[in-house]
């Protein structure tokens, strides 16, 4: 099994980062009068999710579940702001659907990771990438409790 070299290999991190960027793009269309209210709030709640996951991945000597709980809370807050945006008709049902579903998945992944705090990083889901000259493939892996804790190095 390959060593994890970055928090960027965690499936939940990638999902949280991508969804936060999608929200950033959607927020460009929100009314200017909301730039210090809803737009600011949803940005401030969506971005820390992946930041906390990145920080949790580097905590091998400290219970990383605290940062995962913070990520879960931020994801729930982001869902709240999405509900407001939908209710205020700043988002269509179609625009709401993707991030709404993604945050449900992110919260589910974070809850699952928190259920196994004794396993430390072994409960984290990550992706491995292999490539050749023609194409690259990805596969999801779950480290088991017997696996050594991966050596995480920052890029």
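Numbering (the working numbering), first residue to last: -13 to 141.
Where a beta carbon is used, it is the ideal one built from N, C-alpha and C, also for glycine.
Listed in chain order, the alpha helix (DSSP H) elements of length 4 or more contained wholly in the stretch 2 to 74 are 24 to 43, 51 to 73. Within the same chain, 24, 25, 76 come within 7 Å of residue 16 by CB-CB distance, once the 5 residues on both sides are set aside. Inter-residue distance for residue 67 and residue 28 is about 6 Å (C-alpha atoms, whole angstroms). Here residue 31 is buried: its Cβ has 16 or more other Cβ atoms, across all protein chains shown, within 10 Å. In this model, residue 43 and residue -6 are separated by some 10 Å (Cα to Cα). Residue 89 sits in a helix when the DSSP states are folded into three classes. A Cβ-Cβ contact shorter than 8 Å links residue 91 with residue 1. Sixteen is the threshold: since fewer than 16 other Cβ atoms of the shown chains lie within 10 Å of the Cβ of residue -9, the residue is exposed. Sixteen is the threshold: since fewer than 16 other Cβ atoms of the shown chains lie within 10 Å of the Cβ of residue 84, the residue is exposed.
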